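Inspection log for the structure reproduced underneath, given as structure tokens.
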Amino acid sequence: MEQESTAEEPEIQHKNQPPVEPVIQREGNIVNIEMTAQVTDVEISEGVFYNAWTFNGTVPGPVIRVKEGDTLNFTLKNMDPDMPHSMDFHAVHAAPSKKFIDVMPSEQGTFTYPASTPGVFMYHCGTSPILLHVANGMYGTIIVEPSNGYPSDSVVDREYTIVQSEWYREHDEDAFLDENPEYVVFNGDDFTLKEQPLLAKVGDTVRLYVTNVGPNKVSSFHVVGTTMDQVYLDGNPKNVLYGMQTVLIPSGGAAVVEVTLTEEGDYPVLTHQLNDASKGATTILRVTKDGKDNHEPAMNH
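full-length UniProt numbering puts the sequence shown at residues 1 to 301.
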């Protein structure tokens, strides 16, 4: 009779690395950026935590703002002791086989890119399988400001950044492939932008930098109670549309959306893929006489 093994399987250590501030320093038109790849617990719904793969310990990762014509010196420090990670900037022109290469565990790599195209872009880990890295939280937004600005710059009073993304069963690749997320969220969770509405004053023109990082869903981005003055597809000032009710943002795409708010009250902001909105992808744009939060209960939509 065979003897059964009594050896215990090694315990998998739970990693929860504290968030790290990115380093972004400008020297003329050279921008030096240092970011980390790390594993951190993030709250995706009230009391619900996900052991996420992240940039700098937050999901989404830090917003990066540079200017058209800048050169980016980017350093990725991989604090994950178990897995390689990398950076894929949608904003740059570079050969992926040379500039989006893996950084091994506990090592770092530095890469140089030109930021020659203005707009709003996704960044994400480019390590294979990319779906696994993006679905687990490795994404963010980089804004490349146009060298001559946007035609509407003079009328914009406030601006906010919104990132739409999806959460699936934790680290479940089959769930990622099934495209049926448990949560679809703005800025990483389904509660922060409901508890802390976006604020504006009556008469303000508000600019929203909106990125849909997916990994699977389309965003039908909509602001209830108004139409969009201007929409710059992918944030490029040459790609302008007027009077839109809803803007379609594919996974991996972005838009700059501008609205003017003429009446006091709450304006729901959501994806008009309503099944996804019901899973969390909503917020409130709260308009008051003085632009401050009146702390009234937010309307449901």
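Positions of the beta carbon are idealized from the N, C-alpha and C atoms, including for glycine. Note that this is a predicted model, so its numbers are computed, not measured.
Among the options, which has the Cα closest to the Cα of residue i?
{"i": "V66", "options": "D88, I142, C125 and M35", "result": "I142"}
{"i": "W53", "options": "H124, H133, V156 and N29", "result": "H133"}
{"i": "M83", "options": "P268, T271, Y150 and M104", "result": "M104"}
{"i": "M122", "options": "H171, I64 and D80", "result": "I64"}
{"i": "G235", "options": "R207, T246 and K217", "result": "R207"}
{"i": "A37", "options": "Y183, K98, I44 and G126", "result": "G126"}
{"i": "H171", "options": "T161, I162, Q164 and E182", "result": "E182"}
{"i": "D266", "options": "G280, H295, W167 and P81", "result": "H295"}
{"i": "E258", "options": "N216, N180, S251 and Q245", "result": "Q245"}
Going by DSSP, name the residue or residues bridged to residue i.
{"i": "Q230", "result": "Y242 and E258"}
{"i": "I64", "result": "I142"}
{"i": "P268", "result": "I284"}
{"i": "L198", "result": "L285"}
{"i": "F221", "result": "V247 and T271"}
{"i": "E43", "result": "F49"}
{"i": "A94", "result": "Beta-bridge pairing links A94 to no other residue."}
{"i": "F74", "result": "I33 and F111"}
{"i": "Q38", "result": "T54"}
{"i": "T211", "result": "V163 and A254"}
{"i": "H85", "result": "V103"}
Could you tell me the distance, in whole angstroms, from the CA atom of residue i to the CA atom of residue j?
{"i": "V155", "j": "T205", "result": "7 Å"}
{"i": "Y50", "j": "Q273", "result": "24 Å"}
{"i": "L198", "j": "V287", "result": "9 Å"}
{"i": "residue 312", "j": "K289", "result": "A question about residue 312 goes unanswered here, because the residues of the chain that appear run from 1 up to 301."}
{"i": "E145", "j": "S128", "result": "30 Å"}
{"i": "V240", "j": "V231", "result": "6 Å"}
{"i": "E11", "j": "I30", "result": "Confidence at E11 is low in this model, with a pLDDT of 49, below 50, so the placement of that residue should be treated as unreliable; the coordinate-derived value is given next. Going by the C-alpha atoms only, they are around 45 Å apart."}
{"i": "A135", "j": "E34", "result": "23 Å"}
{"i": "V202", "j": "S147", "result": "30 Å"}
{"i": "S165", "j": "F221", "result": "13 Å"}
{"i": "D41", "j": "T117", "result": "34 Å"}
{"i": "E46", "j": "S278", "result": "15 Å"}
{"i": "L248", "j": "A200", "result": "24 Å"}
From which residue to which residue does the alpha helix (DSSP H) around residue i run?
{"i": "S165", "result": "Segment R158 to W167 is the beta strand (DSSP E) holding S165; no alpha helix (DSSP H) there."}
{"i": "V120", "result": "Here V120 belongs to no alpha helix (DSSP H); instead the beta strand (DSSP E) covers G119 to H124."}
{"i": "I101", "result": "Run containing I101: none; DSSP gives neither H nor E here."}
{"i": "F176", "result": "E173 to D178"}
{"i": "V134", "result": "I130 to A135"}
Is residue i close to chain B? Criterion is C-beta to C-beta, closer than 8 Å.
{"i": "G137", "result": "The structure shown contains no chain B; it holds only a single protein chain."}
Tell me the residue span of the beta strand (DSSP E) that contains residue i.
{"i": "V185", "result": "Y183 to F186"}
> Does the count of Cβ pairs from the region 246-265 and the region 219-238 closer than 8 Å reach three?
Replying inline: yes
>> I want to know whether the region 174-189 touches the region 102-116 - three or more CB-CB distances under 8 Å.
In response: no
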